[in-house]
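Trainee: Here's a structure for you.
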Amino acid sequence: MAEDGFTLPTDAFVEILLRLPTSARRRFRLVCKRWRDVINERTPERQTRSQILAFISCSSRSRALVFDKVGRPQYTWTYYSSSYYTAYVYMVGTCNGLICLLDADCPAGADVDSRTTAPMSTITVANPITGETKALPPVPTAWDPNRSRGLYAFGYHPTTGQYKVVHVHKPRALASAVARRPATVHTFTLGDSAWREVADPSLSWSYDPSCGIVAVDGSTYWITSSADRLMALDLEDERLTSFEAPPTARHA
């Protein structure tokens with residue numbers, strides 16, 4: 005590697021790279037072509053075989069099972085809801101072995117599904133292999149009586165290495181000025197202590213709860229209530245943008 009002014013032997017360079025977080029190695033790929041080639045060829049991101057994760061929700065007690073390569077349960081983790089009423093526990097999402105759960109505390113018969121929050125709810129991120137859990141603080145809008153249920157998503161940004169929970173909340177459909185307020189978006193980064201509100205310069209959109217919200221490749225997406233636009237939130241800089249929805253979405 006001496007021809008580009010870098011005299012450290014390649015093997016030694018690789019040993020240094022392997023001691024760095026994956027997110028740092030991704031950034032170092034931008035230094036030059038030689039660094040990119042070494043990182044791509046000598047420091048694979050995943051050294052182990054992916055495992056199957058199954059989540060089973062059963063009333064107030066839910067289980068996550070991690071299976072080995074021959075299909076036998078290798079790890080079993082149980083989540084017990086602290087709900088006073090009938091509990092509804094849903095998996096918001098999973099990233100790299102972590103699972104994000106919505107524990108919705110609702111009276112029986114409440115209108116709740118896997119994409120919506122309840123009047124009283126808790127978000128927990130867990131590692132079913134180690135048993136570690138992190139209960140998130142309440143979303144700032146969760147107790148607003150003028151706002152309806154919202155949507156949750158759990159995502160991972162491959163460049164920053166950060167895991168984030170996204171919450172989209174909108175006003176209730178009431179005949180008042182409050183009801184005409186736009187939807188709001190909050191994010192929570194694992195390792196932080198509070199939710200952050202995402203600034204939206206347009207202040208003119210709402211969402212369709214029946215279509216849900218998805219997290220893909222470091223961004224989250226949902227469709228507006230008019231079905232003519234898709235909203236996109238970049239989990240790296242938390243910038244909110246929109247683009248025209250495909251015809252199939254507009255005519256659904």
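Taking my numbering, I'd label the letters of the sequence shown as residues 5 to 256.
Just so you know, even glycine gets a beta-carbon here, dropped at the ideal spot from N, CA and C.
#1: To which residues of the same chain is residue 238 closer than 6 Å at the C-beta, ignoring the five residues directly before and after it?
#2: Buried or exposed, going by whether 16 or more other CB atoms sit within 10 Å of the CB of residue 36?
#3: Taking residue 58 as the reference, which of 77, 235 and 47 has the closest Cα?
#4: Need the endpoints of the alpha helix (DSSP H) that residue 76 sits in, please.
#5: Using 8 Å as the threshold, is the C-beta distance between residue 133 and residue 189 below it?
#6: Determine the burial state of residue 247: buried for a count of at least 16 other Cβ atoms within 10 Å of its Cβ, exposed for fewer.
#7: So which of 93, 97 and 56 has the shortest CA-CA distance to residue 80?
#8: Any idea what DSSP makes of residue 187, helix, strand or coil?
#9: Who are residue 159's beta bridge partners in DSSP?
#10: Using CA atoms only, rank isn't needed, just tell me which of 191, 142, 137 and 164 is closest to residue 157.
#11: Where does residue 213 land, buried or exposed, given buried means 16+ other C-beta within 10 angstroms?
#12: State the start and end residues of the unbroken alpha helix (DSSP H) segment that holds residue 43.
Mentor: According to the data block:
#1: 223
#2: exposed
#3: 77
#4: No alpha helix (DSSP H) contains residue 76, which DSSP labels as neither H nor E.
#5: Going by C-beta atoms, residue 133 is not nearer than 8 Å to residue 189.
#6: exposed
#7: 56
#8: Three-state DSSP puts residue 187 in coil, outside helix and strand.
#9: Beta-bridge pairing links residue 159 to 168.
#10: 191
#11: buried
#12: Where residue 43 is concerned, the enclosing alpha helix (DSSP H) stretches over 37 to 46.
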